[in-house]
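**Q** In terms of the numbering used here, the sequence shown opens at residue 25 and continues consecutively. Every residue, glycine too, gets a C-beta built ideally from N, C-alpha and C. Pasting a structure here, questions to come.
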Amino acid sequence: MTNCLEIDDLDAVTVERILSNAMKWKMPDAAAPQVLAGKGVALVFEKPSARTRTSTEMAVATLGGHPIYIRPEEVGFDTRETVEDVGRTLASYTSVVAARTFSHDTLVRIAAVVEVPVINLLSDVAHPCQALADVLTLREHYGSVEGRRLVFVGDGNNVAASLAYACALTGLEFAISSPVGYELPELVVDRARNLGGSIETYIEPSDAVEGADAVYADVFTSMGQEEQRAQRIESFARYQVDSALMAMAKPSAVFMHCMPAHRGEEVAADVIDGPQSIIWSQAANRMDSVRALIAELLEGA
Ligand code: CP
Ligand code: NVA
Numbered sequence: 025m026t027n028c029l030e031i032d033d034l035d036a037v038t039v040e041r042i043l044s045n046a047m048k049w050k051m052p053d054a055a056a057p058q059v060l061a062g063k064g065v066a067l068v069f070e071k072p073s074a075r076t077r078t079s080t081e082m083a084v085a086t087l088g089g090h091p092i093y094i095r096p097e098e099v100g101f102d103t104r105e106t107v108e109d110v111g112r113t114l115a116s117y118t119s120v121v122a123a124r125t126f127s128h129d130t131l132v133r134i135a136a137v138v139e140v141p142v143i144n145l146l147s148d149v150a151h152p153c154q155a156l157a158d159v160l161t162l163r164e165h166y167g168s169v170e171g172r173r174l175v176f177v178g179d180g181n182n183v184a185a186s187l188a189y190a191c192a193l194t195g196l197e198f199a200i201s202s203p204v205g206y207e208l209p210e211l212v213v214d215r216a217r218n219l220g221g222s223i224e225t226y227i228e229p230s231d232a233v234e235g236a237d238a239v240y241a242d243v244f245t246s247m248g249q250e251e252q253r254a255q256r257i258e259s260f261a262r263y264q265v266d267s268a269l270m271a272m273a274k275p276s277a278v279f280m281h282c283m284p285a286h287r288g289e290e291v292a293a294d295v296i297d298g299p300q301s302i303i304w305s306q307a308a309n310r311m312d313s314v315r316a317l318i319a320e321l322l323e324g325a
């Protein structure tokens, strides 16, 4: 059974097929295969979501299936019953179990006991569905991504880690600049390099963005880190993507953000709302990419 707990659960050929199908099925005259006809997908969210929940529900519906959104208090991971018991219960009615969890280990525990694909809808260490949409967006924008340079500015957290792997799998160069103490873990850098990726790490944003085809920002304070917010605002003060930083990238560079975004914190309003921003394509592509991912996990579409 193939899961997608992190994007490198898939190999480069599979990622390529998913991206191709995502592009194909978004054409007005194309229809996605009804691989979920008569079937359900469980979607458990321990944290809030606008894009992930809605895009995944629509992906399931347009594959002919029934999405079941489940709030954390309903299943009560390890409070009402064990994570394993919840996972097996949900898998007995559905064909895919997808979850957004605080701890990545919760997903690993579900995957260990169920016989349906498990999809990570964001954990503390990974956001593979976002990375898939982001590569799709760059591919649409540039025609192909091979040899393009994506520079992430900010926290070496879940979104950055999945992007590093996605870049490695698709031939994009990846660079990241983070404040000391918030770098991408060495294990992540090594894992991306082992996939054949070109990964550069920097402290100074201005050193990283030179030659960038895409400059990417995420929030300074992720969900679950709210009590660190004051410290993080201070630590990341020099990591706002503003027009001066964008001017150091290639003139043709695009600005990307997974959203939710905070104008005036990690990105200046004139950048995220300006002509270089492709955030709305990224957001829209969440549906197309997760739809192709689900089809692949079910059928090898
Ligand atoms: N980018 C993303 O995952 O957005 P949501 O938190 O709104 O799902
Ligand atoms: N790093 C952010 C991403 C949100 C989509 C978080 O984990 O909250």
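Could you pull out every residue in the same chain whose Cβ sits closer than 7 Å to the Cβ of residue 252, ignoring the five residues on either side in sequence?
**A** Excluding positions up to five away in sequence, the list reads 245.
**Q** One question on the structure: do residue 115 and residue 132 come within less than 8 Å of each other, judged by their Cβ atoms?
**A** no
**Q** In the DSSP assignment, find the beta strand (DSSP E) that holds residue 144 and state where it starts and stops.
**A** 142 to 144
**Q** Between residue 58 and chain D, is any beta-carbon pair separated by less than 8 Å?
**A** The displayed structure is made up of one protein chain only, and chain D is not part of it.
**Q** If we require 3 or more residues per run, which beta strand (DSSP E) segments fall completely within the segment 148 to 200?
**A** 173 to 177
**Q** Using DSSP's beta-bridge definition, name the partner residues of residue 124.
**A** The beta-bridge partner set that DSSP reports for residue 124 consists of 69.
**Q** Is the segment 97 to 105 in contact with the segment 156 to 171, if contact means three or more CB pairs nearer than 8 Å?
**A** no
**Q** Can you tell me whether residue 281 sits near ligand 2, meaning its C-beta is under 7 Å from at least one heavy atom of the ligand?
**A** No, the beta carbon of residue 281 sits no closer than 7 Å to any heavy atom of ligand 2.
**Q** Check for me: the alpha helix (DSSP H) holding residue 115 runs from which residue to which?
**A** 107 to 115
**Q** Are the beta-carbon atoms belonging to residue 111 and residue 92 less than 8 Å from one another?
**A** no
**Q** Look at residue 149 and residue 128 and say whether their C-beta atoms are less than 8 Å apart.
**A** yes
**Q** Any chance the CB of residue 147 is under 7 Å from a heavy atom of ligand 3?
**A** Looking for ligand 3 in the displayed structure turns up nothing; the ligands present are ligand 1 and ligand 2.
**Q** Consult DSSP for residue 259 and reduce its assignment to one of helix, strand or coil.
**A** For residue 259, the secondary structure class from DSSP, reduced to helix, strand or coil, is helix.
**Q** Along the chain, where does the alpha helix (DSSP H) containing residue 80 start, and where does it finish?
**A** 75 to 86
**Q** Can you tell which of 236, 262 and 264 has its C-alpha closest to the C-alpha of residue 272?
**A** 236
**Q** Could you check whether residue 189 and residue 155 sit closer than 8 Å to each other, using their CB atoms as the reference points?
**A** yes
**Q** Taking just the CA atoms, how far does residue 62 sit from residue 178?
**A** 43 Å
**Q** Less than 6 Å between C-beta atoms, sequence neighbours within five positions excluded: which residues of the same chain meet that for residue 36?
**A** The beta carbon of residue 36 is closer than 6 Å to those of 193 in its chain, skipping five residues each way along the sequence.
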